[in-house]
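Residue numbers (UniProt numbering): 1 to 288.
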């Protein structure tokens, strides 16, 4: 297990962590100031400042991208499937422009939530099939661009609206069916917030192996959790065995960044950006 206690060279900042404190260009400047070497930006933040300006700022400051957020939201009715396909191809193109390590996929839930305007459906099985079909189609496009796709399973509380793939096991089943040769083109993003509760977590980390482990995200689970989406905790403030999970991931050969991703409407989004980044660095050393 790598030693994070002496420096933060392997910390990556998911830019959602300070999305309320400034635009992407301001976040990039702050990361450079705090000697944070990598980020994972969100597409809406990129769109606000413009793709060209964002890519230029990343390169000018010598930053790497541990991932790019996000593609996915595959389920849709017939009238919206082409839009889903085209939007995901654009996400691949944007990730390529940044030289991202992978494009993270939040796969979507029921069609009317994944693609607003789609007809209402309660068929979760059909939604999961659309997810797999959509990933398979996107994989063909992503291979031509040499951009790995990372399926991120989300906690089951998001099954209806954000992701109907909720465990590493489900994600790996999709990977094995679509990429049986384990080519590195398709894998998983392991976010401790979403998987810490899973009784099969450590078994499935071993199953994933180095070829499938494309990204590793950290934060903490607060008790009580006051908001289902926007009340993640800073590492060390909750109940997740973060270091134990990282040890398991790294035992499989994962050598990438540990990406801090915190959605915190009630706490961290209210604090100054420099304070948040300093705390991320401190907790990355002590709690990750």
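Glycine included, every Cβ here is placed at the ideal spot set by N, Cα and C.
Query, Result
"Residue 29: first and last residue of the uninterrupted beta strand (DSSP E) it sits in", "Run containing residue 29: none in the beta strand (DSSP E); it sits in the alpha helix (DSSP H), 24-33."
"Anticipated Cβ contact below 8 Å, residue 103 with residue 134, distance rounded", "At roughly 13 Å, the Cβ-Cβ gap does not stay under 8 Å, so residue 103 and residue 134 are not in contact."
"Under 8 Å between C-beta atoms of residue 10 and residue 258", "yes"
"Inter-stretch contact at 8 Å, needing at least 3 Cβ pairs: the segment 192-203 / the segment 77-93", "no"
"8 Å Cβ cutoff, residue 44 in contact with chain D", "Absence of chain D from the displayed structure is noted, only one protein chain being present."
"Length of the line joining the Cα atoms of residue 76 and residue 122", "12 Å"
"Whether residue 149 touches residue 139 by CB criterion (8 Å)", "yes"
"Bridge-paired residues (DSSP) for residue 191", "217"
"Nearest neighbour of residue 224, chosen from 270, 238, 136 and 177 [CA to CA]", "238"
"Beta-carbon proximity list for residue 172, same chain, < 8 Å, skipping 5 on both sides", "188, 204, 207, 208 and 212"
"Coarse secondary structure for residue 69, derived from DSSP in three states", "strand"
"Whether residue 74 touches residue 18 by CB criterion (8 Å)", "no"
"Assigned exposure category for residue 273 - 16 Cβ within 10 Å defines buried", "buried"
"Given residue 15 as reference, the closest of 112, 5 and 37 once Cα atoms are compared", "37"
"Exposure label - residue 179; buried when at least 16 CB within 10 Å", "buried"
"Residue 20 in three-state terms, based on DSSP", "coil"
"Counted within 10 angstroms of its Cβ, other Cβ atoms place residue 147 as buried (16 or more) or exposed", "buried"
"Assigned secondary structure, residue 178 (DSSP; H/G/I helix, E/B strand, else coil)", "helix"
"Beta strand (DSSP E) segments (min. 3 residues) lying fully within the segment 63-108", "68-72 and 103-106"
"Pairwise C-alpha distance: residue 175 and residue 167", "13 Å"
"Ranges of the beta strand (DSSP E) found wholly within the segment 120-176, counting only runs of at least 3", "149-151"
"Enclosing beta strand (DSSP E) for residue 39 [first to last residue]", "38-40"
"Beta-carbon spacing of residue 242, residue 227 below 8 Å", "no"
"C-alpha distance - residue 169 paired with residue 126, whole-angstrom precision", "18 Å"
"Selection from 155, 164, 160 and 162 that minimises the alpha carbon distance to residue 196", "155"
"Simplified DSSP assignment, three categories, for residue 5", "coil"
"Per DSSP, the bridge partner or partners of residue 236", "According to DSSP, which records beta bridges pairwise, residue 236 is partnered with nothing at all."
"Check whether residue 262 and residue 232 have beta carbons under 8 Å apart", "yes"
"Distance, residue 145 Cα to residue 286 Cα", "38 Å"
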